[in-house]
Structures are given as structure tokens and as C-alpha cells.
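All remarks here apply to the structure that follows.
4 protein chains.
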Amino acid sequence: MTRVAVVGATGYAGAELVRILAGHPEVELSMLTSRQHSGVRFSDVYPAMTGRVDHKCETYSIDSISGKADFVFIALPHKLPMSLVPDLVNRGKRVVDLSADFRFLDPKLYEVHYQTHTAPELLKKSVYGLPEIYGERIKDAVIIGNPGCYPTSVLLPLIPLIHEDLIDTDTLIADSKSGASGAGRALSLSTHYCEVNGSFKAYKVAIHRHNPEMDDILTRETQKPVHITFVPHLVPMTRGMQTTLYTRLKKLVDLETLYDCFQNFYKNRPFIRIRTDGKPADTLHVKGTNFCDIGLHLDMENKRLILTSAIDNLVKGAAGQAVQNMNIMLGLDETAGLTAVPFPL
Amino acid sequence: MTRVAVVGATGYAGAELVRILAGHPEVELSMLTSRQHSGVRFSDVYPAMTGRVDHKCETYSIDSISGKADFVFIALPHKLPMSLVPDLVNRGKRVVDLSADFRFLDPKLYEVHYQTHTAPELLKKSVYGLPEIYGERIKDAVIIGNPGCYPTSVLLPLIPLIHEDLIDTDTLIADSKSGASGAGRALSLSTHYCEVNGSFKAYKVAIHRHNPEMDDILTRETQKPVHITFVPHLVPMTRGMQTTLYTRLKKLVDLETLYDCFQNFYKNRPFIRIRTDGKPADTLHVKGTNFCDIGLHLDMENKRLILTSAIDNLVKGAAGQAVQNMNIMLGLDETAGLTAVPFPL
Amino acid sequence: MTRVAVVGATGYAGAELVRILAGHPEVELSMLTSRQHSGVRFSDVYPAMTGRVDHKCETYSIDSISGKADFVFIALPHKLPMSLVPDLVNRGKRVVDLSADFRFLDPKLYEVHYQTHTAPELLKKSVYGLPEIYGERIKDAVIIGNPGCYPTSVLLPLIPLIHEDLIDTDTLIADSKSGASGAGRALSLSTHYCEVNGSFKAYKVAIHRHNPEMDDILTRETQKPVHITFVPHLVPMTRGMQTTLYTRLKKLVDLETLYDCFQNFYKNRPFIRIRTDGKPADTLHVKGTNFCDIGLHLDMENKRLILTSAIDNLVKGAAGQAVQNMNIMLGLDETAGLTAVPFPL
Amino acid sequence: MTRVAVVGATGYAGAELVRILAGHPEVELSMLTSRQHSGVRFSDVYPAMTGRVDHKCETYSIDSISGKADFVFIALPHKLPMSLVPDLVNRGKRVVDLSADFRFLDPKLYEVHYQTHTAPELLKKSVYGLPEIYGERIKDAVIIGNPGCYPTSVLLPLIPLIHEDLIDTDTLIADSKSGASGAGRALSLSTHYCEVNGSFKAYKVAIHRHNPEMDDILTRETQKPVHITFVPHLVPMTRGMQTTLYTRLKKLVDLETLYDCFQNFYKNRPFIRIRTDGKPADTLHVKGTNFCDIGLHLDMENKRLILTSAIDNLVKGAAGQAVQNMNIMLGLDETAGLTAVPFPL
């Protein structure tokens with residue numbers, strides 16, 4: 176059984192990885208690292224896990240990871256992963272990194288929005304871990320740059336339309352809304368309970384770092400430069416991300432044609448659900464799951480196709496997608512460990 | 176002291192009217208009507224009001240309203256007001272109607288989206304009660320069609336830009352988000368606690384009835400046909416509405432110029448607050464108040480101006496704006512009854 | 176594979192049963208009934224389930240249930256189950272009923288608080304489905320009266336203390352707090368979003384129907400009449416129930432002794448977690464799980480032992496416990512279908 | 176017009192003081208202090224206040240306070256106020272302190288639960304600022320120790336019963352629940368949004384510092400030692416505190432008698448509302464107000480009187496009560512600045 180490590184296990188994305196991997200039928204969760212909680216049982220950090228994940232958290236070193244794990248998930252803040260991954264790869268490990276460090280095609284683009292890239296040669300080899308789009312390349316990848324939550328919710332609805340050349344890519348707009356867990360477990364006034372409850376607001380309007388990440392992939396898929404207008408918002412809830420996409424149709428099509436387009440494109444993709452009842456995607460329907468629900472809506476008078484997508488930002492937007500990538504890399508069923516029946520509420 | 180009636184006092188908009196009017200220094204709340212709670216004290220329907228508003232609710236008739244009130248607020252579902260207003264006007268009453276019945280310029284447009292209009296001659300005389308835009312005409316109006324909450328949050332940021340001819344009105348998009356109180360007190364699964372909590376979703380995508388209301392006013396202001404793309408969403412919170420507007424600039428301008436434009440346009444308008452610190456409007460900052468906060472944000476690469484607005488849907492989006500209209504009609508200070516200091520949280 | 180039916184599948188407890196049973200490795204979910212949604216796919220009622228539970232809901236008859244299922248869960252309002260169960264038992268079915276109809280030892284007590292019991296002879300044969308206490312009798316039971324959510328959260332902490340004769344049973348107090356899902360999916364003003372959000376309140380103070388249910392079991396265990404003081408409260412959250420119990424110690428004991436008492440009593444009981452770190456039980460730690468967490472706290476100056484318990488009202492308080500009972504009845508592992516790793520948040 | 180200072184204006188209690196005082200008709204808010212935000216406009220810390228409270232925050236010194244204010248509110252963490260108050264009193268200022276420093280009768284009791292008291296002689300002169308009980312002494316007080324939020328919600332329902340000798344004071348239990356604003360604006364994991372949302376839990380069970388404060392006053396009123404069992408809980412909401420009190424009646428009385436007792440005791444006390452409809456107190460009904468609602472409920476079989484109280488923890492539990500105390504001290508109407516009509520939701 177493959178032994179897997181979660182490096183950075185006590186942040187929200189890391190803890191969600193632990194949840195999924197501890198219930199995964201085909202891998203063994205062999206190492207949890209946490210600098211802040213070193214020596215402490217994971218279940219003392221997250222008492223929900225008592226009796227289920229009582230591993231002690233450790234600090235990591237290349238040696239300790241290499242000795243204890245065959246496969247490595249990294250859930251550290253960006254910059255740290257790129258200092259760690261080269262050694263892991265040299266030791267023959269395969270890695271899914273949840274930070275931005277291995278998501279970009281072009282080190283320059285990364286450097287404009289983050290910092291100097293210290294492993295640019297590996298960046299070229301890494302694969303953007305959106306399995307519904309890049310599944311074939313993920314199979315043999317050594318390093319996966321696991322997509323950001325916002326890009327996942329934006330790209331999955333757009334790419335089929337781009338492939339079918341149905342929409343104008345010069346006027347794309349993504350209006351996204353995320354639950355507070357997306358901001359992580361680090362304390363800040365903006366995620367203090369009383370500042371979030373009863374508040375709805377945009378933030379980092381048109382300047383969020385996930386914007387160039389989307390642009391990079393959209394440009395690759397479109398094969399000409401794309402710059403999407405992107406505005407994220409914070410919703411008073413814990414989990415869930417909903418994106419409303421505004422596109423302009425190149426030609427008039429009806430909903431049936433669009434349903435066909437999406438259903439063909441995502442045929443046999445187990446985590447994409449196209450709503451064909453005309454209803455918009457709802458975060459409540461994907462909570463705790465790896466699904467991405469997509470709704471389609473026409474505003475014919477303006478020749479617009481409006482799309483709504485919903486994911487759980489911690490699952491399909493982070494840890495679930497990371498495990499989906501691992502499954503593909505290990506030749507397992509893509510859904511292994513991700514098959515829990517959704518909660519009705 | 177002017178005696179005022181609230182017809183339909185026990186719905187959420189009606190109750191908010193009662194709250195504001197009971198604390199208004201220059202009018203007397205003389206009549207509360209409620210079919211459902213006839214004979215019951217208002218404070219038994221809303222125990223929060225115990226000791227402050229203990230009036231008995233009554234059923235209404237033209238005679239009873241005429242005898243007890245000089246000024247009438249109607250907070251009934253659309254269709255009922257247009258059957259009631261002609262008689263009230265004949266008896267010399269002035270009316271602010273919170274339904275859609277007197278909001279449209281053109282009966283035809285109303286009839287497409289609602290039903291046959293039974294008082295079309297009065298519709299022509301009514302004034303759309305957006306005081307920052309139509310204040311002069313409101314002064315002498317007999318009937319005010321009080322704006323919908325979504326149109327208020329959309330029109331206040333757009334109209335200055337239209338007047339200055341700064342934006343293209345063919346590609347307008349409004350992505351709005353509302354707290355659950357906007358759906359009123361009537362029971363439905365969509366406002367059942369467990370269906371709203373933890374859920375974020377769009378609804379009535381591009382088919383909401385506030386869309387033609389916005390179009391009607393935008394067309395009037397632009398003097399050519401405008402059809403905005405409008406998508407409302409439901410937020411898990413009680414009060415508050417946030418709208419993000421996507422516009423395309425006709426020419427490049429900087430933020431300072433835009434701040435000047437807005438500050439000039441809304442000079443001496445006490446309820447408009449332009450954020451000049453670059454931060455987006457936040458519903459938490461306007462909760463319980465009649466303010467409309469507006470933020471401005473440039474996406475220069477796409478030549479877009481993005482606007483964020485925040486109102487309390489029950490105050491500036493309904494009852495507060497209704498009282499503001501009354502104040503203007505009665506020659507009172509526009510802010511009378513609406514001056515409470517905002518809550519910090 | 177045992178075929179199981181859920182009668183009343185579209186209420187919240189029924190839907191939670193469906194969730195658990197659809198993921199259960201050893202039974203087949205063969206029938207879902209719903210009068211209100213007859214002919215409709217379950218996933219159209221709960222879109223979260225799309226692709227996972229697409230069964231059509233049907234109306235039920237004794238014949239249809241008997242033909243399609245070997246084991247029956249009833250999640251109907253009380254009174255209906257007692258009209259249904261006799262025929263099912265006659266046809267050789269085993270039943271877990273989630274209503275109050277088969278919970279009481281004594282028909283008289285049931286009749287005082289509910290209505291005339293129409294199957295009193297079966298009531299005598301039914302077993303109160305609290306597996307940690309009555310596991311042995313559950314194995315061979317034909318009818319299980321599945322405990323109420325409040326009684327579950329009250330009885331599990333108290334019974335070990337009663338068995339050890341550590342507490343005075345004349346002065347018991349249970350102060351319980353429940354999320355809104357406990358009130359079910361039926362619409363009412365008291366579960367309307369805006370009436371729950373921001374509200375915390377008691378209800379049915381000392382007159383809730385779960386009070387006699389607790390008394391009945393406490394009396395059985397104590398072997399003298401017990402009447403606990405019980406006050407339920409409504410919390411603005413979807414899932415979760417927390418009970419704080421105030422007991423008077425018969426003799427002074429220290430926490431270590433108490434921890435030993437609980438750990439011995441619940442040895443090998445997989446769903447009871449005793450917190451030995453001094454921290455109180457928290458609903459967040461049991462969300463979506465079948466765990467009952469219990470905290471112990473001394474107020475020595477008053478010679479009191481205070482206990483805190485936390486369950487998910489829909490799982491250990493309803494559907495999870497029902498499945499746990501089924502597992503025991505069918506000779507399966509008690510935890511089958513109930514082993515998902517808890518969510519960290 | 177009396178000039179008032181708020182020392183520590185940017186914490187939640189301080190900001191709520193600012194809100195109330197900025198709208199107070201008879202005092203002038205002349206100074207706001209904040210170490211953290213010195214030099215910053217209050218409305219930049221709380222943008223809700225833009226246009227209403229644009230004062231610059233300053234650091235404080237005895238001289239600056241003395242020069243700018245006649246009356247001083249202190250909303251600093253305990254320990255700081257007792258170092259500040261002696262000098263202020265020497266300069267002839269009157270002070271309401273919202274910390275614990277001046278609440279206790281006995282410095283020893285304070286020192287057991289807090290630290291060495293550095294102004295014990297002033298402690299003797301200070302008055303516990305519960306106006307409904309100590310109004311006469313408050314009139315002439317120089318220093319008010321403003322009550323804690325929990326003690327306010329516990330003492331107001333109990334004291335009338337103690338005065339009438341209706342209840343046993345040896346077996347008192349208070350089970351209290353508070354919104355998250357009670358924990359203040361300082362960041363901590365326990366008030367991080369995702370840790371509070373969906374969570375209900377007790378904390379500091381029987382060891383909260385408000386417990387000795389309650390005991391001190393209950394002992395004074397009972398004239399024999401009282402030690403109440405007190406358990407606070409955290410509710411996922413911003414504002415509001417609900418306490419359920421369990422008392423044992425010394426003799427059987429009916430509800431009518433109890434209503435009379437409370438209504439007589441609190442006759443002409445504008446902020447106490449006794450619910451005589453049998454319903455429990457609800458935090459939603461007091462949100463944003465200085466009311467304390469009290470419900471009475473009998474559990475005759477156990478000879479218990481159960482009381483429910485609800486306050487807004489930031490208003491009657493802190494800033495509102497502080498202003499009520501000031502009003503009394505200055506000879507103003509007790510309700511000045513506290514008369515806003517409650518919100519219906």
C-alpha cells in the first residue's frame with residue numbers, strides 16, 4: 176500500500192487532505208507534519224478526529240519524508256514548496272503541491288505575482304492538476320501543481336466552450352464567492368467571526384493572484400492571450416465556492432445544444448455534474464464532496480451565456496482534487512477515497 | 176403632526192417601516208394594518224417592539240385609512256396597491272407604495288412582467304422614488320413608486336457614469352447578492368433555515384422582475400434602449416445587499432477623476448458614501464442604515480470600471496428610502512428619522 | 176444483501192437515512208417512499224444526491240414494502256408508524272421506527288403525551304434503541320423504537336453515573352441546545368431563516384415531549400421514579416446538539432475516578448468518546464458523525480458534576496443511531512456504514 | 176453639554192459606547208482613545224461610522240483626558256483602569272469603568288480571581304452599576320464598576336426572587352449562552368470564523384471569572400454566602416446573550432403571583448420587560464437595545480422556577496448599561512440615548 180505524507184497537515188487544506196486520506200481504501204497515511212504542532216497528536220489539534228487520526232505531528236526534513244512516504248502532498252504556503260520539491264523528486268518521490276509554486280507554465284508570470292522561482296526547471300515539468308482537462312498528462316507526472324480553488328471553479332465551466340469556439344474570450348467575467356475557510360486557519364481580522372457574520376463583500380477586486388493563474392490556462396487553451404476580469408467575494412459560511420461567469424456567445428445556440436456540448440466534453444468524468452433542469456449551481460449541493468456542479472443560463476437579449484458553478488473550496492478546490500490527482504498518478508480508480516454520499520443538508 | 180398609516184405592517188418591509196416611523200420625530204404612526212394579524216398587537220407579532228409599538232393591527236378599508244391618516248405607506252404584494260391607491264388619492268392622501276405597481280413609466284412594460292395595470296392614468300403621474308436622482312419631482316408627487324432593492328443598488332452607482340457619458344451602456348452587467356430578508360416573511364422552502372444556511376446560489380438568472388425595472392430607468396437616463404444583464408444571488412445572512420457592477424469605460428480615466436465625478440454628482444446627498452480608499456463596499460457597514468456605500472475599482476487591462484455597492488435591503492432598499500421620500504414630500508429634512516448612528520458590528 | 180426501505184425518505188431524518196444507507200457496504204437501498212414527492216427522483220428533491228441516489232420516490236403500501244424490502248426504517252410523524260408496523264411485523268419484517276410510537280415502556284405514558292396507542296401489544300415487545308445500553312436486547316429485537324435526539328444526548332452521559340450510584344437522581348437538570356434541522360423540513364415561522372439567524376432562545380420549557388421519554392428510561396435504570404428538569408433551546412446552526420447536565424454527587428470523587436467510570440462503562444463502544452483533557456464537548460467535533468462526545472467538569476464547591484455532551488442530532492440523534500441498531504440486528508459490524516472520517520471543520 | 180471621553184474606543188465594547196454616545200442628545204463625544212489606532216480616524220477603523228464619527232483616535236494621558244472630558248468611560252482590559260482611575264478622580268472626573276477592576280466589594284475576592292488591586296481604597300467607594308438595583312447609589316457615585324455581561328443577565332432575574340425570599344439560594348444554576356462579540360475584537364482561534372460557525376460549546380465550565388462577581392452580589396443581596404453554579408457557552412451569532420436559570424421554590428406559587436412580584440419590583444424600570452405570555456426570552460428581541468427580557472416558567476413536579484433572560488451583550492451587557500449609569504449620574508433621563516426602536520429582525 177502506498178505510504179503518503181501530508182506536509183503542512185494542520186492548516187485547513189492539510190487537515191482536509193488528512194480527512195480524505197485517512198478514509199482512502201488504497202493508501203496509508205504514514206506521516207503528518209506541522210511545525211506549529213510538532214509532537215502533538217493530530218486529534219488534539221482537530222478533536223473531531225479523535226480515535227480516527229491520532230498520529231503525532233512531526234517537523235519535516237527531506238530525510239524523514241523520504242524514509243516514511245512514497246507519495247507526498249505539500250500544503251504549505253507558497254515559496255516553501257519550491258525549496259522542498261527538488262530534493263523529493265531527486266529521491267524518487269511523486270508530489271502534489273497545493274501551493275501556487277508549480278501551477279504556472281512560465282516562471283516569469285509566477286515571478287511577477289509571487290517571487291523569484293527557485294526551481295524553474297521543475298516548473299517546466301510540472302503538470303497543472305485539473306484532471307478533467309489534463310488527465311492524460313497527470314498519469315505520468317512527477318509534480319502536480321494543484322489548481323487554486325477559484326481557477327477550478329472558473330476553468331471547468333469555460334474550457335468546454337473555448338474548445339467548441341462558442342464564446343468570445345476577450346470579454347470574460349468571473350464573479351466568484353467563497354466561504355471563509357478559503358482564507359485558511361491563520362488568524363486575521365478579516366476572518367474574525369464578528370467581521371464575517373452578516374457581512375458580504377468583494378476583496379482584491381481585479382488584483383487577486385488567482386487571476387493570472389486563470390489567464391495562464393485560458394491562454395493556453397485559447398491559444399491567444401486572454402485576460403479574464405475576476406472579482407472574488409467573501410460569503411458568511413464555512414465551506415463552498417460559487418462562481419457566476421458572464422460570456423458572450425459567438426453565435427446563437429439553444430440550451431439543448433449547450434447541454435450536449437458539456438455532457439460530451441465531460442463524458443465519464445465522475446465529478447462534473449451538469450444541471451439540465453435550468454437551476455443554478457448551489458454550494459449546499461456539493462458541500463463535503465469533490466463535485467463541480469455547473470448550471471447554464473441564457474440571456475438571449477444580450478447574446479450572453481451565463482454559467483454558474485459550485486464546488487467545495489476545500490475538496491474539489493483543494494484537497495479532493497489533490498487526491499483525485501494522486502489516484503490518477505497511481506493508476507487507481509479516479510474516485511477512490513472520494514465516494515462518500517453527499518449530505519442532504 | 177402628520178398622521179401616517181402603514182398598510183401591510185407585519186411583513187418584513189412593513190415592520191421595518193413601523194420601526195423607522197415609530198422613532199420619527201415629526202410624524203405620528205396612527206394606523207397599522209394587517210389582514211393576518213387583525214386585532215393583535217403589533218408587539219405580539221414582533222415581541223422586540225414590546226413597550227415601543229403596542230398598536231393593535233387592523234384590517235383596512237378606504238374609509239378607515241382616510242379617517243386615520245394623512246399619509247399612507249403601502250407594503251402589500253403587487254396588484255393590491257393599484258386597486259387601493261386611486262381611492263386614496265381621490266380622498267387627498269399622498270402615498271408611497273413599496274410594490275412594483277407604480278414604478279414603471281410604461282404600463283405595457285409593467286403588464287409584460289406583472290399583470291394588467293388597473294390604474295394606468297395614475298401610473299403616469301407617479302414618480303420613481305429614488306431621491307438622489309428624482310428628488311425635485313418627488314417634492315410635489317402624490318404617488319411614489321418606491322424602488323426595488325436590487326434596482327436601488329444598481330442604479331445609484333450607474334447613473335452618475337451615464338450622465339457623464341463615461342461608460343458603454345450596451346454591455347452592463349450587475350451581479351447582486353441579497354440577504355434572506357429580501358424574500359419576506361412568507362414561508363417557503365427556499366427561505367427555510369437549513370436550506371439557506373451554508374448555501375450560496377444564484378436564482379432567477381437573467382429573468383428577475385427587477386431587471387425590466389432597471390432597464391426602464393436606465394433607458395430613461397441614457398435616452399436609448401438599455402438592457403442590463405442581471406443575476407441575483409441569495410446570501411446566508413438576514414440583512415444586506417451587495418452588487419458588483421461590470422462596466423466598460425468609453426475612455427481611460429483614473430480613479431481620482433472618477434471619485435470627483437461621484438462626489439460632485441452626489442454632493443450634499445446625505446445617504447451616499449463614496450469609498451475613496453480603494454476598498455469595496457461591505458454590507459456590514461450599512462446594516463440598519465439608509466446609506467448606500469459605493470466602491471470604485473479599475474481593471475485597466477480590460478478597460479473596465481468595476482463598481483461595488485452595499486445597502487441594507489430593508490432600509491435603503493425599502494423602508495428607509497420610503498421614509499426618505501416622505502420626508503421630501505412633506506418638506507421635512509430628508510434625513511428625519513434616519514439618523515441613527517450605524518452599528519460597529 | 177439485505178434490502179432496506181426508508182418509509183418517509185424526504186424529511187430531514189429520512190434523507191439522512193438515505194445518505195447513510197446509500198453508502199452502506201452491506202445493505203441495498205431498495206425502496207424510498209414519499210407521499211409528497213411520489214414519482215419524483217430523490218435527487219430532484221435533494222440535488223446534492225444527483226448521480227448517487229437517483230431512485231424514484233413512491234407512495235407506500237404494506238404490499239409494496241413487503242415485496243421490496245427485508246428491513247424497514249420508518250421516518251414518518253408519530254401516529255402513522257403504529258398503524259403500519261403491525262402488518263410489517265406480521266409479514267416477517269424487522270423495523271426501526273424513528274418516531275415516538277415504540278419508545279415507551281408503558282402505553283399509558285405514551286398516551287398522556289401523544290395519543291391513544293393502537294398497537295400496545297407490540298409496544299411491549301419493542302426495544303428502546305440505545306445500543307450502548309440495550310445492545311444485547313437489540314440483537315434479537317423485531318421492533319426498535321429509535322430514541323429521540325434529546326434523550327440520546329441526555330441518557331448517554333447519565334446512565335453510567337446512575338449505574339455506579341454516583342449521583343442524586345432527584346435533582347437532575349438537562350439544558351439542551353439543538354440546531355434547526357431538528358425541527359425538520361416542514362415549514363414554520365420558527366424555522367424561517369430570518370427568525371433563526373441571530374436568535375437564541377429556549378422553547379417548550381419543561382414541557383417538551385422528550386421529557387417523559389427521558390424520565391421513562393431514567394426511571395427504568397434507577398429503579399425509582401425520576402423526573403428530570405429539561406429545557407431545550409434552538410441554536411442558529413443546521414446540525415448539532417449540545418446538552419449540559421447538572422448533577423449532584425452523592426460522594427466526592429475526582430475526575431480520574433470519573434474518567435475511569437466512563438471508560439469502563441463504554442469500553443469497546445465505538446461511538447462514545449470521553450474527553451479526558453478537561454475540555455467541553457463541541458458540536459463541531461461530531462458534525463456528520465455518529466459519535467457522542469462527553470466532557471466532565473467538577474464544581475466542587477457545590478458538589479456538582481457537570482457533564483457536557485455533543486452529538487449530530489441527525490446522525491447519533493436519529494439516522495445514524497437507527498443504522499447502528501440495524502447493524503446490530505443483522506449481526507453486522509456495529510459501525511458498518513458509519514465510519515467516515517469526521518470533517519475537521 | 177457634558178464632554179465625554181471613551182478610553183479604549185476601538186474594541187467592541189468601546190465602539191458600541193461610541194455608537195451610543197455619538198447619538199446621545201445631551202452629551203458631546205469629545206475624545207476617543209486607542210493605542211493601536213492612534214492618529215487614525217475612528218471611521219477608518221469602523222467604516223460603518225463614516226460621516227458620523229470621524230474623530231481621530233488619540234493615545235491617552237491623564238492630562239489629555241482631563242483637559243478634554245468631564246466624564247470618562249474606560250473600556251480597557253482589566254488592570255489598566257485601576258492605574259488610571261485614581262488620577263482621574265483626583266482631577267474631579269466621574270468614571271464608568273467597563274472592566275472588572277471596580278466591580279467587587281472586597282479587594283480580596285478581586286485579587287483571588289484577577290491580580291493585586293492597586294487602588295483598594297477607591298474600590299470601596301465605587302458602586303456596582305446595575306441601575307435597576309443600585310440606582311439610588313449610582314446617582315452620587317464617582318466611580319461605577321460596570322457589571323459584566325453574564326452577571327447582568329443572571330442578577331436581574333434572580334434579585335427580585337431573593338428579595339421576596341421565594342427561592343433557595345443554595346442550589347442556583349445559571350446556564351448562559353453568548354454571541355461571539357463577547358470575546359472582543361482581539362484575534363484568537365476560538366473566535367476565528369470557521370471555528371465558531373456550526374459550533375456550539377461550553378467553555379470555562381464553573382471557572383469563569385464572572386462567577387465570583389455574581390457570587391459577590393448575590394451574597395450581598397441574600398446576606399449569606401451564595402455560590403451559584405455557572406456555565407457559559409458560545410453561540411454562533413454576533414450579538415446576544417441568553418441565560419436559563421434553574422431555581423428551587425421555597426413554597427409553591429403560581430405564575431400570576433410571580434408576574435406580580437417582578438412587575439412590582441421593576442415598576443417604572445424602563446429597560447426590564449417581563450414576558451407574561453409564557454414565552455421564553457429571545458436574543459432576537461433585544462438585539463441592539465438596552466432591554467433585558469425575562470421569561471418565567473414553572474416545573475411544578477420538581478418545584479422549580481425556571482427563568483430565561485435575554486440581553487444584547489454589548490448594550491445592556493456593556494455599553495448601554497454604562498450610558499444608563501452615566502445618565503443617572505448626570506441627572507438626565509435614564510433612557511437618554513437609549514431609545515431607538517428595536518429592529519424587527
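Chains as they are written, first to last, in my numbering: chain A, 176 to 520; chain B, 176 to 520; chain C, 176 to 520; chain D, 176 to 520. Virtual Cβ for every residue (Gly too), placed ideally from N, Cα, C.
Interface residues of chain D facing residue i [CB-CB closer than 8 Å]
i: B:H367; result: None at all; the shortest Cβ gap to chain D is about 16 Å.
Alpha carbon of residue i to alpha carbon of residue j, nearest angstrom
i: C:G354; j: A:L520; result: 12 Å
i: A:D452; j: C:G226; result: 14 Å
i: C:T462; j: A:D468; result: Reading off the sequence shown, one finds Lys at residue 462 of chain C, where the question assumed Thr. The alpha-carbon atoms of C:K462 and A:D468 are separated by roughly 24 Å.
i: B:E339; j: B:L330; result: 14 Å
i: A:M412; j: C:V371; result: 15 Å
i: B:Y221; j: D:H199; result: 26 Å
i: D:S209; j: D:S363; result: 20 Å
i: A:H408; j: B:S356; result: 20 Å
i: D:F375; j: B:L420; result: 38 Å
i: D:L336; j: D:T344; result: 10 Å
i: B:M475; j: B:K425; result: 12 Å
i: B:F277; j: D:P256; result: 58 Å
Neighbour-count burial assignment, residue i, 16 or more Cβ in a 10 Å radius
i: C:R395; result: exposed
i: D:D391; result: buried
i: D:L471; result: buried
i: D:G542; result: Here chain D covers residues 176 to 520 and nothing more, so residue 542 of chain D does not appear.
i: D:K268; result: buried
i: C:M224; result: buried
i: B:N502; result: buried
i: A:D229; result: exposed
Three-way DSSP call (helix, strand, coil) for residue i in this model
i: B:K299; result: helix
i: B:T177; result: strand
i: D:A497; result: helix
i: C:R414; result: coil
i: C:T464; result: coil
i: C:H383; result: coil
i: B:V182; result: strand
i: D:A294; result: coil
i: B:F437; result: helix
i: A:F217; result: helix
i: A:E396; result: helix
i: A:K169; result: In the structure as shown, chain A starts at 176 and stops at 520, and residue 169 of chain A therefore has no counterpart that could be examined.
Within chain B, partners of residue i - CB distance below 9 Å
i: A:R269; result: What A:R269 touches in chain B: nothing, since even the nearest Cβ is about 35 Å away.
Beta-carbon neighbours of residue i, restricted to chain B and to distances below 8 Å
i: C:A456; result: Those do not exist, as C:A456 stays about 22 Å from chain B at its closest Cβ, beyond 8 Å.
Under 7 Å from the C-beta of residue i: neighbouring residues of chain C
i: A:A515; result: G198 and A515
Using a Cβ-Cβ cut-off of less than 8 Å, list which residues of the segment 186–211 of chain D approach chain B; keep chain order.
Y187, A190, E191, V193, R194, I195, A197 and G198
Of the residues that make up the segment 223–256 of chain B, which ones have a beta carbon closer than 8 Å to any beta carbon in chain D?
A223, M224, T225, G226, R227 and V228
At a Cβ cut of 9 Å, what residues of the segment 474–505 of chain C count as close to chain D, listed as they run along the chain?
D474, M475, E476, N477, R479, I481, T483 and A485
What residues from the segment 293–316 of chain C come within 8 Å of chain B, judged by C-beta to C-beta, listed N to C?
none
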